[in-house]
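Structure, as structure tokens:
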Amino acid sequence: MTTGSPHLVELRDIHFGYGDRPVLEGVSLQVPRGKVTALMGASGGGKTTVLRLIGGQHRAQSGAVLFEQQDIGRLNKEQLYQARRRMGMLFQFGALFTDMSVFDNVAFPLREHAHLPETMVRDIVLMKLEAVGLRGARDLRPSEISGGMARRVALARAMALDPELMMYDEPFAGLDPISLGTAARLIRQLNDALGLTSIVVSHDLEETFRIADKVVILANGRIAAQGTPEEVRHSTDPLVHQFVSAAPEGPVRFHYPAQDAAQDYGVAKERA
Amino acid sequence: MMNFIARVGGATRAWLADVGHATALFVRLILLAPACLRRFGLVRDHMHFLGNYSLAIISVSGLFVGFVLALQGYNTLQRFGSASALGLLVALSLVRELGPVISALLFTGRAGTSLTAEIGLMKAGEQLSAMEMMAIDPVQRILAPRFWAGVLVMPILGAIFSAVGIIGGWLVGVVMIGVDAGSFWGQMRDGVDVWADVGNGVIKTLVFGFTVSFIALRQGFEAQPTPDGVARATTRTVVMASLTVLALDFVLTALMFKL
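Same order as they appear, the protein sequences are chains A and B.
Residue numbers are given in our numbering: position 229 of the first sequence equals residue 414, and the series is strictly consecutive.
Residue numbers are given in our numbering: position 10 of the second sequence equals residue 584, and the series is strictly consecutive.
See the structure below:
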């Protein structure tokens, strides 16, 4: 059931905040079908929030999040769960179920959703684990595997139901250089081999630029730049330049919003 | 002054919202009973987990409570020459009050805390979020089976507590002190009514099962997803569940035994 739109996901003028703190202030972006879109920006800049809005775990205060032309924010629970079955999400630390083995973790969505005979579940699980190179680790417990492996298991689990959209939340955070390269290559290969659409949230410049078709940079709650990795790399925008060249000073705020410093330190007495 | 009023108003609103959320969750868990029945395997697994592991502490405590009841009961009863009513005293105390209440308190400490910590840590590890993203409702898949397992296992634990307690009373009263076995059991049989005493005791344990399981699960589900938050939630489970059990016991006793 593919509609004519070239974009699988589209955000239109999204405003969102936690409590009084605004996180997204008018974000619009498109995620092209079949491509790897990277969402980059400083930590705490609302990247993960965008994923949670697409997954319907948060609802935007205003604006629309479209997945296959459906407004995620307006779906009822039934429809939202239907939409989520077409999405896979890889959480930052894998979020494996710690009371189950690797095998049972990957089998979990299959057993819950698809009423398949156990032999078929086994075949699918082994295939998914093979794809992430961990078929041999199936009997291990989440506590017995490394962080990088846990994320690969979680990837196999997220793909168990063959989603159309894969979302990766910081897939490279805390990985050693080898695991990092492997993870990046895996994301690209899976996207192309299975015809997925991927959204990668990351702040690892080099790896992300290497695998992404499109890069979106979020800063201060807005889109600072979007385009191909080359276009973004050569952007003249000071904000984007600061990010791409990893400069500590620039338009991106280093300070969390605070009251006037003089007042905070008690230097300036109350003015009459 | 305005500030104070605003604070009171804010606190009241927060409290009302909290009560509302709790009620909504409770109603959802109740309505999920048919879904749990359809996948009874999940409930059974948790009944095994919650019940089996509470069995040791429940039986040992029951035994000692029975011992003490017999000692104290004999001490008082023999002053009035009615030591033969010891069996009745032990059985009524256990079946009506001590069985349900103490087993609920022990269940809180043994199983309630583990429920809160488990759910809280699942939340902290984003496992509940991950489940939601797999289009699986954590309330239905994780909370409801544990809730109903707790509800079902509580009356069984209460019954075991009372039964072991009566055996303890018999050991001390009849075997050790030498009260006549015939009158011990005979008075018990004549004086304990199946519906009024045992039945009401079972109703109490059921109510406590709902209470303790719900409080434990909700505290875990609403916990701040940090080590500190889970620790606080676990403490709150013990405090809230224990106080609620004791308060409810007073209300239930007043209603049931028309004292």
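Quick reminder that beta carbons are idealized off the backbone N, C-alpha and C, glycines included.
Ala280 (chain A) reaches chain B at Gly699, Glu700, Gln701, Ser703, Ala704, counting residues in chain order whose Cβ is nearer than 8 Å. Taking a contact to require three or more Cβ pairs closer than 8 Å, the stretch 691-708 of chain B and the stretch 781-799 of chain B qualify as touching. Closest in C-alpha terms to Phe293 (chain A), from the list B:Phe681, B:Ile710, B:Gly699, B:Arg684, comes B:Ile710. Between Gly739 (chain B) and Leu668 (chain B), the CB-CB gap stays under 8 Å.
The beta carbon of Ala755 (chain B) sits closer than 6 Å to those of Val748, all from its chain and outside the five residues before and after it, given in chain order.
Against chain A, the CB of Met621 (chain B) has no partner CB under 8 Å away; the residue lies outside that interface. For the pair Ala665 (chain B) and Phe276 (chain A), the CB atoms are not nearer than the 8 Å cut-off. The stretch 751-765 of chain B makes no contact with the stretch 717-724 of chain B, as fewer than three CB pairs between them are under 8 Å. At a cut-off of 8 Å between beta carbons, Ile710 (chain B) contacts chain A. Pro356 (chain A) does not reach chain B, its nearest Cβ partner there being about 14 Å away, counting only Cβ pairs nearer than 8 Å. For Phe201 (chain A), the three-state secondary structure derived from DSSP is strand. With its beta carbon at least 8 Å from every one in chain B, Pro302 (chain A) lies outside the interface.
Across the stretch 218-252 of chain A, CB contacts with chain B closer than 8 Å involve Gly240, Gln242, in sequence order along the chain.
Excluding five sequence positions before and after Tyr353 (chain A), the CB atoms of its chain that fall closer than 6 Å to its own CB belong to Leu275, Val385, given in chain order.
Looking at the backbone, the Cα of Lys313 (chain A) and that of Ala341 (chain A) are separated by about 5 Å. Thr382 (chain A) has a beta carbon lying at 8 Å or more from every beta carbon in chain B. By the C-beta density criterion, Ala446 (chain A) is exposed, having fewer than 16 other C-beta atoms within 10 angstroms. Nearest neighbour of Ile309 (chain A) by Cα position, chosen from A:Gln264, A:Val291, A:Glu297, turns out to be A:Val291. In this structure the stretch 393-410 of chain A touches the stretch 422-437 of chain A; the number of beta carbon pairs closer than 8 Å is three or more. With contacts defined by Cβ atoms closer than 8 Å, Ser677 (chain B) and Leu643 (chain B) do not form a contacting pair. Leu672 (chain B) and Ser787 (chain B) have their C-alpha atoms spaced approximately 19 Å apart. Distance check between Leu403 (chain A) and each of A:Gly230, A:Gln254, A:Pro348, A:Val216 places A:Gly230 closest, using alpha-carbon atoms only. According to the DSSP assignment, Gly333 (chain A) belongs to the alpha helix (DSSP H) that extends over 332-343. Spatial neighbours of Gln246 (chain A) in its own chain (CB-CB distance under 8 Å, excluding positions within 5 residues in sequence) are listed in chain order as His200, Phe201, Gly202. Boundaries of the beta strand (DSSP E) harbouring Val208 (chain A): 206-217, taken from the DSSP string. Contact with chain B is found for Arg270 (chain A), since one of that chain's Cβ atoms lies less than 8 Å from the residue's Cβ. Relative to Gln652 (chain B), the option among B:Leu629, B:Ala607, B:Arg581, B:Ile751 whose CA is nearest is B:Ile751. For the pair Gly226 (chain A) and Lys220 (chain A), the CB atoms are not nearer than the 8 Å cut-off.
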